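Letter by letter, the sequence shown follows residues 59 to 407 in the working numbering.
Data block below; observations after.
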Amino acid sequence: MEKENLRERLLLKCQEAFIMGLELYNKPTIKYRIEGFSFFICNAWELMLKAKLLKDGKSIYYSNNSSRTLNLSDVIKVVYTDKNQPLRINLEKIVDLRNISTHLVTEDYETVYAPFFQANILNFSEQLQRFHNIDITRKIPQNFLSLSVNMDILNNDEIRGKYSPAIAEKLITQKNDLASAQELDNSNSLVIPLQNTIIITRNPKNADFSVNVSNDSEHNAKILKELKDPNDKYTLSFNNVIKAVNKQIRAKNLPFNYYDKKDGKNNFNNYTLSLIIKFYNLKKDDKYTYHFAYVTRYSQQIVEFIIKEIKNDPNIIGNIKKDNPRVIGILSLRLPPFGDPELILLELS
């Protein structure tokens, strides 16, 4: 009974710490938000995972000191035994940030860590639901799980010019370490890229704001053409898109009314992704996809687009079938030389 009461108190406090971290981060006037968020989010994880250990009948105390509870790093290793798991790597990176926050953190850490923060927020929401059947979106709106981020990114030379040598090298080292981790795994459990993309449209109805385009004006908009590495934007494979959509559905507790009779689940899967891509013609839109010879890669924007459509219409799959029966056809498995196998939806004439 005592353990159960302790577990309940831990769960109440972990939710409070999580919400406090979000509220602190999303206040634009607070300059201490990176450090504050890292403290609160780590506290939330520690309390939540200790409640998980108690639920499993495990001790949260050190074996050689019954008066001292395990620290977060030790709890992570007990619950997530695979050291290569993207969720564990993400959490350990933020623990590192919390540890150095007691000594020094600059505002430019935000641009380095923000994609890891965003993934961590969804990870926490999903794991709280998984381990304790608690839906955090009952206490805060779903859109509160998205961070308000300053993405004014400095390059290494600008960092060295702005800070002292010791601080600059520390920031550059952290930046390179996180970039290396991201190269090894593009799962949304590790990182969720945050990008602002501006697209010029001639249809005023599709525009958020209007500009004048001029080649010789200092104040109006100008069209610039610059070569970009597609790997910087199109980071997701077909299977990673599916995993990312399912993660957000679970983390945000979104209703998704599709039932697959074959596997007896209502998960977002190969078929539903292929159906949505075909229906909205997303492969023709370079905002969402990029084609490398035999491989198609996807941007984070396709995940956000699908989540938005599911949020607007939980019956999206059934309605697509009903409104456009021509897309109900034969699924063909394509095996590219590189990358993930991909299901292709063929139209029936």
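Cβ coordinates follow ideal geometry from the N, Cα and C atoms, glycine included.
Quick caveat: nothing in here was measured; it's all calculated off a predicted structure.
Problem set entry | Spatial neighbours of I198 in its chain, beta-carbon cut-off 8 Å, leaving aside the 5 residues before and after | Around I198, the same chain offers I77 and L80 as residues with beta carbons nearer than 8 Å, after the five sequence neighbours per side are excluded.
For this session: For P173, count neighbouring Cβ atoms within 10 angstroms of its own Cβ and tell me buried if that reaches 16, exposed if not.
Result: By the 16-neighbour rule on beta-carbons within 10 angstroms, P173 is buried.
Exercise. Could you give the uninterrupted runs of the alpha helix (DSSP H) lying entirely in the region 103–163, keeping only those of 4 residues or more?
Worked result: Secondary structure in the region 103–163: the alpha helix (DSSP H) runs of 4 residues or longer, each lying completely within the stretch, are 130–137 and 144–159 in chain order.
For this session: Select from S247, R156 and N370 the residue whose C-alpha is nearest the C-alpha of E184.
Result: It is S247.
Exercise. Quick one, are the C-beta atoms of D318 and N311 less than 8 Å apart?
Worked result: Contact: no.
For this session: Using three-state DSSP, classify T354 as helix, strand or coil.
Result: DSSP places T354 in strand when its eight states are reduced to three.
Exercise. Is any beta-carbon of chain B found at less than 8 Å from that of I198?
Worked result: The structure shown has no chain B; it contains just one protein chain.
Exercise. Alpha carbon to alpha carbon, what distance is there between K151 and I378?
Worked result: Cα to Cα, the separation comes out at about 41 Å.
Problem set entry | Where the alpha helix (DSSP H) through L68 begins and ends | L68 -> alpha helix (DSSP H) spans E60 to Y83.
Problem set entry | Sub-8 Å separation of T127 and K110 beta-carbons | Not a contact, by the Cβ cut-off of 8 Å.
For this session: Go through its chain and collect everything with a Cβ distance to K301's Cβ below 7 Å, but skip five positions before and after it.
Result: The answer, listed in chain order, is S245 and N246.
Exercise. E60 to S121, Cα distance in whole Å?
Worked result: The straight-line gap from Cα to Cα measures roughly 19 Å.
Exercise. Nearest-angstrom Cα distance between V385 and H349?
Worked result: Because V385 carries a pLDDT of 46, less than 50, the predicted location of this residue cannot be relied on, and the following value inherits that uncertainty. Straight-line Cα distance between these residues: approximately 22 Å.
Problem set entry | Cα-Cα separation between D343 and A177, rounded to whole angstroms | D343 and A177 have their C-alpha atoms spaced approximately 25 Å apart.
For this session: Check L205 in the structure and name its three-state DSSP category.
Result: It is coil, neither helix nor strand.
For this session: Taking T169 as the reference, give the member of R91, N142 and S125 with the closest Cα.
Result: The option with the nearest alpha carbon to T169 is R91.
For this session: Measure from the alpha carbon of C100 to the alpha carbon of each residue in N328, L130 and N201, then state which is nearest.
Result: Here the closest residue by C-alpha is L130.
Problem set entry | Sub-8 Å separation of K341 and T354 beta-carbons | Yes, the Cβ-Cβ distance between K341 and T354 is below 8 Å.
For this session: With a 10 Å radius around its C-beta and 16 neighbouring C-beta atoms as the bar for buried, classify A237 as buried or exposed.
Result: Exposed, because fewer than 16 other Cβ atoms sit within 10 Å of the Cβ of A237.
For this session: Give the DSSP-derived three-state secondary structure of T293 in the structure shown.
Result: It is coil, neither helix nor strand.
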